[in-house]
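Participant: One structure, as structure tokens, below. Some questions next.
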Amino acid sequence: MMIDFHTHNLSPGISQFFMADLKIPQNLTSNQYFFIGIHPWKITDSFDANNQLTEFKNVYKKAQKHSQFLGLGEVGLDKIKPPSLKIQADIFQKQLEFAISLNVKTIVLHNVKTFDCSLEILKTSGFRGKLILHDFYAHPNVYEQFNKHCKAYISLGMRGLNSRHLLSYPLESCLLETDDSNESIKNIYKIASEKLTLSVGEIDKELCKRLKEIVQN
Ligand SMILES: [Zn+2]
């Protein structure tokens with residue numbers, strides 16, 4: 001069973017972690033899970049922070065009653081997109097504090113050139129749960145920094161699979177994802193199998209273990 005650990009597109013029948021923004025998805029199949037959160041790209045000029053945070057809290061609370069809800073995501077920071085890091089950090093921090101107050105187990109983190117800042121916010125928050133570093137392709141030291149404070153996972157898409165650091169990532173912390181690309185998860189598994197010199201079956205077996213770890217909170 002192939003698993004897509006990060007997508008913005010629900011595909012019936014495929015096992016997926018779906019980033020649902022601020023809407024509880026209605027038509028999940030039994031092997032699909034979802035996260036609720038304000039993506040940093042949604043913080044545009046017309047963004048009303050108070051309103052959106054209230055909405056976030058309401059939806060998040062409702063989502064908690066759902067058996068396929070896994071936690072907070074996709075949230076984080078993005079240095080190459082507006083608005084300022086300060087505004088993004090504030091929204092990120094508020095969502096994080098709220099989710100922690102409701103005992104969040106898993107967080108999906110968006111990080112573009114902002115590892116130091118995200119790490120600082122996470123450390124201050126005291127979060128010790130599972131953290132999925134989505135679209136990761138950085139040096140393994142960065143992963144280690146996060147893994148000291150949480151149980152961190154490296155989620156690999158095309159950038160990660162093409163990273164010169166790929167073979168230094170601990171396999172038992174790796175996941176695979178399509179994100180918002182047109183790539184199929186089948187193709188991502190195939191590329192991972194070539195790059196990691198493992199059979200698709202072996203990768204599948206590993207990732208089923210990861211799925212269990214994350215889902216069985
Ligand atoms: Zn994403």
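Read left to right, the sequence shown gives residues 1 to 217 (the numbering used here).
C-beta: ideal position from N, C-alpha, C; glycine also.
If you're wondering where the values come from, they're calculated on a predicted model, not measured in any experiment.
(1) Check each candidate in N141, E144, L161 and name the one with the smallest Cα separation from I191.
(2) Assuming M1 contacts D179 (C-beta within less than 8 Å), just tell me the rounded distance between them.
(3) Would L102 be called buried (16 or more neighbouring beta carbons within 10 Å of its own) or exposed?
(4) According to the neighbour-count rule (16 or more other Cβ atoms, all chains shown, within 10 Å of its Cβ), is P170 buried or exposed?
(5) At 3 residues or longer, and completely inside the segment 57–91: list those beta strand (DSSP E) runs for me, N to C.
(6) Count the other C-beta atoms from every protein chain shown that fall within 10 angstroms of the C-beta of R210, then say buried if there are 16 or more, exposed otherwise.
(7) In terms of residue numbering, what span does the beta strand (DSSP E) encompassing F35 cover?
(8) In terms of residues, what are the limits of the beta strand (DSSP E) holding Y214?
(9) Identify every residue that forms a DSSP beta bridge with N111.
Facilitator: In short, the structure shows the following:
(1) When only C-alpha atoms are compared, the closest one is L161.
(2) Actually they are not in contact, since the Cβ atoms of M1 and D179 sit about 20 Å apart, beyond 8 Å.
(3) exposed
(4) exposed
(5) 69–78
(6) buried
(7) 32–36
(8) As written in the sequence, residue 214 is Ile, which differs from the Tyr given in the question. It is not in any beta strand (DSSP E) - I214 instead sits in the alpha helix (DSSP H) that spans 200–215.
(9) L77.
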